[in-house]
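One structure below.
In my numbering, the protein residues as written are 2 to 264.
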């Protein structure tokens with residue numbers, strides 16, 4: 002026999018289920034605000050619209066999730082600060098470090114692998130044998146707040162490269178290099194190559210080999226309870242994209258069939 006108390010308990014449980022469904026629906030109906038930074042061809046502005054490899058991947062994944070998104074471009078350090086302070090929901094195509102993992106919720110799935118390289122003027126006689134510390138006497142230009150894998154991070158932590166200038170954009174770094182105000186620019190190979198192409202300056206620079214490191218970049222969400230759920234869904238869909246070939250198709254449209262995809 003169903004008692005009055007059992008009826009009340011059933012109603013309360015049903016109410017909780019409905020409320021939980023409404024809360025989850027609200028979370029995923031909310032427009033996700035991305036604070037991004039330009040690094041063509043990964044992310045770039047074209048006639049007021051953000052485009053690029055990473056932008057197209059993120060758009061496709063969130064479309065599959067039926068989740069509206071909004072992209073706004075800022076300098077890299079400001080984008081990090083906005084997500085850190087919950088003024089934006091996420092930032093993407095960034096390197097995962099221990100300190101950043103304390104501040105953000107990182108995706109498990111790699112968004113895009115990027116080679117970090119050293120760039121010098123075409124007439125430079127600087128030699129690189131894979132040991133970054135051997136270049137400690139040279140002046141470096143880098144993107145403010147950026148990192149380029151474990152070797153670079155260790156060198157910075159140990160102050161092994163004392164002459165590093167941080168700038169807001171890769172273009173500023175290239176112009177500093179051209180004017181001999183720095184000796185070496187460090188950055189993403191695909192982004193530096195695109196910036197050099199945009200400047201029509203292919204003859205002015207050369208890459209030192211081997212690459213410093215192949216660096217995986219990720220999606221990073223602001224640390225909120227809702228974003229833990231969002232991260233799990235994002236990882237699930239991005240993994241599906243890699244398994245069924247949709248991810249590779251987007252990357253190859255920009256970089257060609259030989260470019261390594263994220264794992």
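Backbone N, C-alpha and C fix where the C-beta goes; we use that ideal spot for every residue, glycine too.
Where the alpha helix (DSSP H) containing residue i begins and where it ends
i, result
"residue 192", "190 to 199"
"residue 162", "Per DSSP, residue 162 belongs to no alpha helix (DSSP H) and is neither H nor E."
"residue 52", "That residue, residue 52, is in no alpha helix (DSSP H); its beta strand (DSSP E) goes 50 to 52."
"residue 176", "171 to 179"
For residue i, the three-state DSSP class (helix, strand or coil)
i, result
"residue 75", "coil"
"residue 38", "coil"
"residue 88", "coil"
"residue 127", "coil"
"residue 102", "helix"
"residue 112", "coil"
"residue 143", "strand"
"residue 66", "coil"
"residue 248", "helix"
"residue 156", "helix"
"residue 255", "helix"
"residue 183", "coil"
Inter-residue Cα distance where the pair is residue i and residue j
i, j, result
"residue 132", "residue 111", "26 angstroms"
"residue 181", "residue 252", "34 angstroms"
"residue 58", "residue 77", "20 angstroms"
"residue 39", "residue 130", "30 angstroms"
"residue 108", "residue 236", "6 angstroms"
"residue 134", "residue 98", "20 angstroms"
"residue 127", "residue 121", "8 angstroms"
Beta bridge counterpart(s) of residue i as assigned by DSSP
i, result
"residue 206", "122"
Unbroken beta strand (DSSP E) run spanning residue i, endpoints
i, result
"residue 45", "45 to 47"
Should the segment 213 to 232 be called in touch with the segment 87 to 103, which here means at least 3 C-beta pairs below 8 angstroms? yes
For the segment 194 to 213 against the segment 85 to 96, are there 3 or more C-beta pairs whose distance is under 8 angstroms? no
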